[in-house]
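Here the structure is laid out as C-alpha cells; the discussion comes afterwards.
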Amino acid sequence: MTKYNKVVHLRDIRGFSLVELMVVIAIISLLTAIAVPAFLGQREKAKVRATSASAVSAVADLQGYLDWYVAGEPYMILTDVAGTQGCFEVATPVSADQTCAAVFNQAGAGTYPVFPGGLATVISHFISHHTFKGDVSAFTGSPLFVSASPGDGQILLSPMSSNIVVMLAYATNSTSPIFSQIQMVTIR
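Take the sequence shown: its position 161, counting from 1, is numbered 164 in the working numbering, and each next residue is one higher.
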C-alpha cells in the first residue's frame, strides 16, 4: 500500500471530522433558509391564481344564467349537497316552449318553482348552485361565491341595478380585488 492509500483507508475508518459535519450542516441550513420562504410564497401565489382563474371561468357561467333570465328560459341548478337538481322557470312564460317540462324533457310534468324574475334571485341561484357543487375558496375552504362580506379567496356577486351585476374576487385583502367584472343585462 502506498502512503496515499493508507491515508484514505484511515479516513474511511475514522469517518468525518466535526468541522466537516458543521460545514455540511451550515450549507444545508442556508439552502433551507432560502428555499422554505420561496416555497411558501409559491403556495400563496397559487391560491391567488386559483381564485382569479375561478372568477374568470365563472364569468361565462354567470352570463349563461343571465341569458336564460333575459330570454325567460328555465334553468336547472343543484338544490342540495346530495346533487338533487331543481328547475326554475319564469312565472308567465311567453310560450309553452319556455317551461321546465318543454326544455328539459327529463324534468317530467308537474309544478316547478317560479323565480320572481329579479336579478338578485338569479344571482342567489348561481351562488347556491356553486356552493352545492362544492366550489370552495383556496384560502379558507369556505364557499367560493358570496353575495355579501367576502373573505379571503372569495368572489362577491352583487346586483348594482336591475341590469348590472358586479363580480369582484379577493385574495387576502378584502378591500383590493384581484379581479373585477361588470356584467350588463339587456332586458327586452
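Just so it is clear, CB atoms sit at the ideal spot from N, CA and C, and this is done for glycine as well.
The structure presented is a predicted model; accordingly, all values stated were derived computationally and were not measured.
Taken atom to atom, the span from the alpha-carbon of Phe91 to that of Thr35 is near 56 Å. Cβ contact annotation for Gly75 (same chain, cutoff 7 Å, sequence separation greater than five): Val93, Pro96, Val97 and Gln101, in chain order. Val139 has Pro146 as its beta-bridge partners, per DSSP. Between Ala58 and Ala172 the beta-carbon gap is near 4 Å, inside 8 Å, which marks them as a contact.
The stretch 65-80 makes contact with the stretch 175-189; the number of CB pairs closer than 8 Å reaches 3 or more. In this structure, the straight-line span from the alpha carbon of Ser60 to that of Cys103 is close to 26 Å. Inclusion of Leu160 and Ile181 in the CB contact set at 7 Å is not warranted, their separation being larger than that value. Here the stretch 133-147 lies against the stretch 40-54, with 3 or more beta-carbon pairs under 8 Å apart. DSSP places Ala49 in no beta strand (DSSP E) but in the uninterrupted alpha helix (DSSP H) bounded by Leu21 to Ala74.
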